[in-house]
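All remarks here apply to the structure that follows.
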Amino acid sequence: MGYQLQIYLKSPVCISKNKGVGNVIETVDYVPGNTIRGALAIRYLEIQGRWDQEKRLYALPEENREFNDIFNSDKMCFHNAYIEGKRVVPFTASSCKYQGGFLDSKRDMHGVRDTLIELARYELTGEYDRDRFDICGEICKAPMDRFRGYYAKESEAIYEKGTIFKRFIARTALNEYFETASSGNLYTVEVLNEGQTFIAELNEGLFDRLKPLFDKSIIRIGRSKSRGLGEVEIRVRKTEEDNGHLLVNRFKELNNKMKNLVPGKFFFTLTLLSDAIVLDEILRYKSTIEINDLLDSTQNSPSEAIEVLQKFKLLRGVLSTRIISEWNYALKLPQEDSLSIEKGSVFLFMSESLSDNKIIQLTTILNTIENTGLGERRNKGYGRVRFCDEFHWEDNIK
Ligand SMILES: [Zn+2]
């Protein structure tokens with residue numbers, strides 16, 4: 001059984017990309033875990049708390065433990081909600097420059113390819129298949145281009161791209177001290193259109209807590225909440241879980257493909273399902289993920305399994321970074337900017353030959369990391385990973 005938090009947009013929603021100044025405010029195209037967590041926390045305070053006029057905040061009864069258990073616990077992770085629960089297309093995906101898109105019988109799309117295996121081959125042998133890497137293929141000789149967005153695998157070799165509808169609307173600025181209209185200041189807000197559903201995964205613990213409190217409740221998220229934007233309905237649901245193949249099988253399938261190109265080595269991939277914030281030992285932001293960064297999430301694993309993991313080295317990363325500027329709504333202050341490695345980034349790790357026993361140890365420890373995530377702020381949706389994702393090895397042309 002799987003668990004989901006569904007967010008149905010009853011009105012347009014803007015979740016601003018950055019907190020900077022300017023008169024066009026762009027929205028992100030998903031609902032970040034941090035936004036969901038903040039909005040539910042405010043709703044909780046409104047229901048269970050008492051308004052303190054002097055301090056201008058909601059106060060909870062002293063005996064209330066539930067709030068901290070749900071909103072300030074490392075065990076309760078609020079994941080990002082993506083359009084209809086689709087996945088982020090990995091950065092290794094590419095498609096025809098002119099007819100780019102998943103294969104489709106109704107429209108003339110030339111299909112999507114994952115380039116990771118060819119990249120690894122080039123890195124290790126200096127050879128690559130130009131017809132599968134640089135150009136679209138036999139029929140169309142167009143160059144290949146990056147392919148970004150969200151996708152779901154609907155059935156055998158049928159993929160669907162997630163479409164997100166947005167538009168711009170004009171607004172008058174608010175006076176930031178009085179929260180009233182500030183005359184003469186017009187700005188434009190980009191919004192996610194109403195009528196769309198964004199879905200986040202939940203773990204069982206969080207499902208049990210959120211279901212009685214928030215199922216079918218209406219809350220407000222994002223910017224300009226006071227003026228007709230940001231109204232959403234929350235649904236907390238059980239689903240038929242389908243997480244695709246078990247990790248041990250994904251590992252085998254990936255390595256079966258790699259074996260023909262580079263014999264005698266073992267590989268695993270790490271694909272970021274959400275942005276990750278990774279710090280080095282002196283707390284600087286990192287722009288890559290190395291084996292040491294995985295070890296934080298494996299503290300309770302047997303030492304032999306950790307040794308197997310440490311045999312791997314980063315061979316290649318296909319990644320991008322971005323600055324996260326978040327706003328602390330409780331304090332009405334901007335938070336310090338941080339650097340994240342963007343969702344969709346892919347890392348390929350390689351080791352020498354491994355025995356069957358070591359492969360089992362490795363996939364067990366990778367499973368643990370998949371369940372806990374990696375890096376900082378995991379309870380706000382950061383650092384979700386998937387190893388040996390099917391996208392890299394299943395269906396050559398999708
Ligand atoms: Zn083409």
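Using my numbering, the letters of the sequence shown map in sequence onto residues 1 to 398. Each residue gets a CB set at the ideal place from its N, CA and C atoms; glycine is no exception.
Considering just the uninterrupted stretch of the alpha helix (DSSP H) at Tyr30, what are its terminal residues?
That residue, Tyr30, is in no alpha helix (DSSP H); it is neither H nor E in DSSP.
Classify Asp114: buried if its beta carbon has 16 or more other beta carbons within 10 angstroms, exposed otherwise.
buried
Classify Ala142 as helix, strand or coil using the three-state DSSP reduction.
coil
Taking Arg121 as part of the alpha helix (DSSP H), name the residues at either end of that continuous run.
116 to 125
As a quick exercise: from Asp208, Ile306, Pro90, pick the residue whose alpha carbon is nearest that of Val385.
Pro90
Is any heavy atom of ligand 1 found at a distance shorter than 6 angstroms from the C-beta of Gln99?
yes
Can at least three beta-carbon pairs, one atom from the segment 116 to 125 and one from the segment 258 to 273, be found at a separation below 8 angstroms?
yes
Put Tyr44 into one of helix, strand or coil per three-state DSSP.
helix
Comparing the CB of His399 with every heavy atom of ligand 1, is any distance shorter than 6 angstroms?
In the structure as shown, the chain begins at 1 and stops at 398. Residue 399 is therefore absent and cannot be evaluated.
Inspect the beta-carbon positions of Ile221 and Arg43 and report whether they are closer than 7 angstroms.
no
Which residue from Thr125, Val112, Phe267, Lys166 puts its Cα closest to that of Gln310?
Phe267
Between Cys388 and the rest of its own chain, which residues show a CB-CB distance below 6 angstroms, the 5 nearest in sequence each way excluded?
Arg250, Phe251, Leu254, Phe268, Thr269
Beta bridge counterpart(s) of Gln6 as assigned by DSSP
Ile199, Arg235
Between the Cα of Ala152 and those of Asp129, Tyr82, Lys343, spot the shortest distance and give me the residue it belongs to.
Tyr82
How far does the alpha helix (DSSP H) with Ala157 in it extend, from its first residue to its last?
Careful: Ala157 lies outside any alpha helix (DSSP H) and carries neither H nor E.
Have a look at Met76, Leu294, Val13, Asn18 and flag the residue whose alpha-carbon is nearest the alpha-carbon of Ala41.
Met76
Run through DSSP, which three-state label would Glu190 get?
strand
Does Lys380 come out as helix, strand or coil in the three-state DSSP assignment?
helix
Using the beta-carbon count (16 or more within 10 Å), is Leu283 buried or exposed?
exposed
As an exercise, report each continuous beta strand (DSSP E) stretch of at least 3 residues that is fully enclosed by the segment 63 to 106, in chain order.
93 to 96
Where the alpha helix (DSSP H) through Ser340 begins and ends
Ser340 -> not in any alpha helix (DSSP H); beta strand (DSSP E) instead, spanning 338 to 341.
Where Met350 falls: helix, strand or coil (DSSP)
strand
Could you check if Ala142 belongs to the surroundings of ligand 2, using beta carbon to heavy atom distance under 6 angstroms?
Ligand 2 is not among the ligands present in this structure, which contains only ligand 1.
By alpha-carbon positions, which one of Asp134, Glu62, Ser297 ends up nearest to Asn367?
Ser297
Less than 7 angstroms separating the beta-carbons of Ser105 and Phe147?
no
Report buried or exposed for Tyr98, applying the criterion of at least 16 other Cβ atoms within 10 angstroms of its Cβ.
exposed
Can you give the beta carbon distance from Lys257 to Trp393, rounded, assuming they're within the 8 angstroms contact cut?
5 angstroms
So does the segment 160 to 173 actually touch the segment 192 to 200, counting three or more Cβ pairs closer than 8 angstroms?
yes
Segment contact, 8 angstroms Cβ cut-off, at least three pairs: the segment 331 to 343 with the segment 298 to 305
no
Suppose you measure from the CA of Thr188 to the CA of His245; what does that come to, to the nearest Å?
44 angstroms
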